[in-house]
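Novice: Chains as they are written, first to last, in the numbering used here: chain A, 37 to 148; chain B, 167 to 280. Note that beta-carbon positions come from the ideal geometry of N, C-alpha and C, so glycine has one too. Below is a structure I'd like to ask you about.
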């Protein structure tokens, strides 16, 4: 079945450590996105990529980094520069001409 | 901010009743979408309504859009316990906007009691 796979589902990190969240899709979608969700909040866009080897900052990119070396993969690194990284992270994608997003199941990051 | 805002923040009803959630936004839009999120899971797209449409149906879902009031409503008829979830509206800006730059509201938490 086609879809988006995020891993790990749960991740714990000590302050000062970088962590990388994986997002893989087999939908042949060109565009991929990372959103952050905090309790009781809407989703906020971190980074997005509309084509391989290209990506743009979203609304809250500080403290995060991404790469898009393959169409299927869009990993997100939460760096130590991110002051409040504890959150639920969602990866999404859409194909050409599509008007809706397909989401992964999310990764919950907790900083100890 | 273009962010949509849902109302109410929480809604609790009995099975069989109808559930109505509202969404207001601030700027012109290309389309407005509703998504559902089960606890701790990703979002699932429910329905999209374009700026030139006023009403749309999908199964037990009915969405209306009033661009003059910058508002939308989602009606779930004959609710079931399985409808318990958070519901988010998301707006896509006007001409030339990047699709993934949807602006999400904070959501309405719907609880349907058996």
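To the nearest angstrom, how far is the alpha carbon of residue 126 of chain A from that of residue 278 of chain B?
Specialist: Counted from its first residue, the first chain places residue 126 of chain A at position 90. Counted from its first residue, the second chain places residue 278 of chain B at position 112. Between residue 126 of chain A and residue 278 of chain B, the C-alpha separation is close to 26 Å.
Novice: For residue 77 of chain A and chain B, any beta-carbon pair shorter than 7 Å?
Specialist: As a position in the first chain, residue 77 of chain A is number 41, starting the count at 1. By this cut-off, residue 77 of chain A is an interface position.
Novice: Can you list, in chain order, the residues of its chain with a C-beta nearer than 8 Å to that of residue 232 of chain B? Leave out the 5 residues immediately preceding and following it.
Specialist: Along the second chain, read from residue 1 onward, the residue named residue 232 of chain B stands at position 66. These residues qualify, in order along the chain: 220, 238.
Novice: Taking Cβ-Cβ distances below 8 Å as the criterion, which residues of the region 206-234 of chain B are in contact with chain A?
Specialist: If the cut-off is 8 Å between Cβ atoms, the region 206-234 of chain B has 206, 207, 208, 209, 210, 211, 214 near chain A.
Novice: Going by other Cβ atoms of all chains shown within 10 Å of its Cβ, with 16 needed for buried, is residue 46 of chain A buried or exposed?
Specialist: Numbered from its first residue, the first chain carries residue 46 of chain A at position 10. Exposed.
Novice: Does DSSP classify residue 95 of chain A as helix, strand or coil?
Specialist: If you number the first chain from 1, residue 95 of chain A lands on position 59. Assigned with DSSP and collapsed to three states, residue 95 of chain A falls in coil, not helix or strand.
Novice: Could you say if the region 174-183 of chain B and the region 99-119 of chain A meet the contact criterion of at least three C-beta pairs nearer than 8 Å?
Specialist: Segment contact: the region 174-183 of chain B against the region 99-119 of chain A, fewer than three CB-CB distances shorter than 8 Å; contact not assigned.
Novice: For residue 144 of chain A, which residues does DSSP report across the bridge?
Specialist: Your numbering for residue 144 of chain A matches position 108 in the first chain. Partner(s): A/46, A/124.
Novice: Nearest chain B C-beta to residue 47 of chain A closer than 7 Å, yes or no?
Specialist: As a position in the first chain, residue 47 of chain A is number 11, starting the count at 1. Residue 47 of chain A does not count as touching chain B.
Novice: Can you give me the Cβ contacts of residue 252 of chain B inside the same chain, cut-off strictly under 6 Å, excluding the 5 residues immediately before and after it?
Specialist: Here residue 252 of chain B corresponds to residue number 86 of the second chain, with the count starting at 1. 203, 273, 275.
Novice: Rounded to whole angstroms, what is the Cα-Cα separation between residue 222 of chain B and residue 51 of chain A?
Specialist: Counting from one through the second chain, the residue named residue 222 of chain B turns up at place 56. Counting from one through the first chain, the residue named residue 51 of chain A turns up at place 15. Between residue 222 of chain B and residue 51 of chain A, the C-alpha separation is close to 48 Å.
Novice: Just reading off the beta strand (DSSP E) that residue 188 of chain B is part of, what are its end residues?
Specialist: On the second chain, position 22 is the one that residue 188 of chain B refers to. Where residue 188 of chain B is concerned, the enclosing beta strand (DSSP E) stretches over 185-190.
Novice: Measure the beta-carbon distance from residue 42 of chain A to residue 58 of chain A and round it to whole angstroms, keeping in mind my assumption that it falls under 8 Å.
Specialist: On the first chain, position 6 is the one that residue 42 of chain A refers to. On the first chain, position 22 is the one that residue 58 of chain A refers to. At roughly 7 Å, the Cβ-Cβ gap stays under 8 Å, so residue 42 of chain A and residue 58 of chain A are in contact.
Novice: If you reduce the DSSP assignment to three classes, tell me which class residue 248 of chain B lands in.
Specialist: For this step, residue 248 of chain B is matched to residue 82 along the second chain. Three-state DSSP puts residue 248 of chain B in a helix.
Novice: Please identify the residue among B/224, B/201, B/174 whose C-alpha is closest to the C-alpha of residue 255 of chain B.
Specialist: As a position in the second chain, residue 255 of chain B is number 89, starting the count at 1. Looking at the Cα atoms, B/201 is the closest of the given residues.
Novice: Shortest alpha-carbon distance to residue 71 of chain A belongs to which of A/54, A/89, A/87, A/97?
Specialist: Looking up residue 71 of chain A in the first chain gives position 35. Closest option to residue 71 of chain A, Cα to Cα, is A/97.
Novice: Quick one: does residue 272 of chain B have its CB under 7 Å from some CB of chain A?
Specialist: On the second chain, position 106 is the one that residue 272 of chain B refers to. At least one CB atom of chain A sits nearer than 7 Å to the CB of residue 272 of chain B.
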